[in-house]
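Listed below in structure tokens is the structure:
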């Protein structure tokens, strides 16, 4: 039921806002940071949800966009601190708004390049090509000593946002929260638009879509570019959260995590990424303190969801109405 899902989504977003606010008042900044991590991962998964949930594109390469967004934040901040130009006299910057725009552009352009090739294939071939491209970007970062190589690149001070002290956990969380809310609103508008309808139709029947004068390839490519750009924005936020960028942000494990978040919450569901991120981060926090093999329990939860809750945890609670 779409109405019930909306109510659940609003309740979850309210909870995600209230918990860190209370934690901040109680002098527990760690829980604010935990909520910030949830918001950023949910935003990244929302980006992937456009490609996977609406377009049926199982991309195992979205870590490339996530990591590129992180490196944009790290590289621009590093050059701003050293006051050395990046290239052709272009200066670095520590302004988040500029960094976000560059991250969106970099993620979108990389997605355009990868999508232009990979979207000419389908099924397992598409999965493997996106994975191959992501691994190429990963190994490029590892072999790039100017920006830390395999050791990564530190961000000495969190980047700046006009009128906000981003060094404090709660204001930075609120920035990430607003961007997550904007990302979810954009997903909802896209899903209900003519473009969203065409994208979902391309997942089901290419021939029928082409018969009405719409090119399925172009629709998928546009969705893939939008998806990559949003995921890159989340990567820039993640780099600022940790004040560090490393090749691990580009690894295939990161791509897998984003897919897991969507499956847990519900593929194509508006609130699916939020639910998935909450479950993932809470399990990591609770079980990670007990055993290093906490992902074994995550695997069991994922298995139960796949077998008994095909619509994800959101579908289990809100009903198994089609998200398309």
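Numbering (our numbering), first residue to last: 171 to 494. Don't be surprised by glycine CBs; every beta carbon is placed ideally from N, CA and C. All of these numbers come straight from a predicted model, not from anything done at the bench.
- Listed in chain order, the alpha helix (DSSP H) elements of length 4 or more contained wholly in the region 174-235 are 199-219.
- Contact between residue 210 and residue 407 holds, since their C-beta atoms are separated by about 5 Å, short of 8 Å.
- Residue 332 carries a coil assignment under DSSP once its states are collapsed to helix, strand and coil.
- Excluding residues up to 5 positions away in sequence, 422 lie with their Cβ nearer than 7 Å to the Cβ of residue 305 in the same chain.
- Here residue 324 carries a strand assignment [DSSP, helix/strand/coil].
- Fully contained in the region 432-461 are the following alpha helix (DSSP H) runs of length 4 or more, in chain order: 442-458.
- By the Cβ criterion, the region 277-294 is in contact with the region 402-421, since at least three pairs of Cβ atoms, one from each stretch, lie closer than 8 Å.
- By alpha-carbon distance to residue 349, the top candidate from 274, 222 and 438 is 274.
- Ranked by how close their Cα comes to the Cα of residue 193, the residues 240, 184, 205 and 183 have 205 in first place.
- Listed in chain order, the non-local C-beta contacts of residue 379 below 6 Å within the same chain comprise 371, 372 and 386, local neighbours out to five positions each way being set aside.
- Its chain contains 341 as the residues whose beta carbon lies nearer than 6 Å to that of residue 334, once the 5 sequence neighbours on both sides are disregarded; these appear in chain order.
- Within its own chain, the residues whose Cβ lies closer than 6 Å to the Cβ of residue 230, once the five positions on either side in sequence are excluded, are 297, 300, 301 and 425, listed in chain order.
- Annotation: the continuous alpha helix (DSSP H) that includes residue 405 extends over 386-412.
- Scanning 483, 390, 475 and 436 for the CA closest to the CA of residue 285 turns up 390.
- For residue 265, the pairing in a beta bridge is given by DSSP as 330.
- Residue 471 carries a helical assignment under DSSP once its states are collapsed to helix, strand and coil.
- Annotated three-state conformation of residue 415 is strand, per DSSP.
- Relative to the Cα of residue 366, the nearest Cα in the group 234, 174, 219 and 185 belongs to 219.
- A residue is called buried once 16 or more other Cβ atoms fall within 10 Å of its Cβ, and residue 252, having fewer, is exposed.
- Around the CB of residue 450, 16 or more other CB atoms lie within 10 Å, so the residue is classed as buried.
- Here residue 438 is not near residue 484, since their CB atoms are 7 Å or more apart.
- The region 472-480 makes no contact with the region 251-270; the number of CB pairs closer than 8 Å stays below 3.
- Inclusion of residue 375 and residue 247 in the CB contact set at 7 Å is not warranted, their separation being larger than that value.
- The C-beta of residue 239 has 16 or more other C-beta atoms within 10 Å across all chains shown, which makes the residue buried.
- Here residue 363 is exposed. Its C-beta has fewer than 16 other C-beta atoms within 10 Å.
- In the structure shown, the three-state DSSP call for residue 315 is helix.
- No Cβ-Cβ contact shorter than 7 Å links residue 308 with residue 468.
- Taken through DSSP and simplified to helix, strand or coil, residue 427 comes out as helix.
- DSSP places residue 341 inside the alpha helix (DSSP H), whose first and last residues are 339-362.
- Here the alpha carbons of residue 294 and residue 411 stand approximately 34 Å from one another.
- Pairing residue 415 with residue 244 gives a Cβ-Cβ distance under 7 Å.
- Counting only residues of its own chain and dropping the five nearest sequence neighbours on each side, residue 346 has a CB closer than 8 Å to the CB of 206, 209, 210, 213, 407 and 411.
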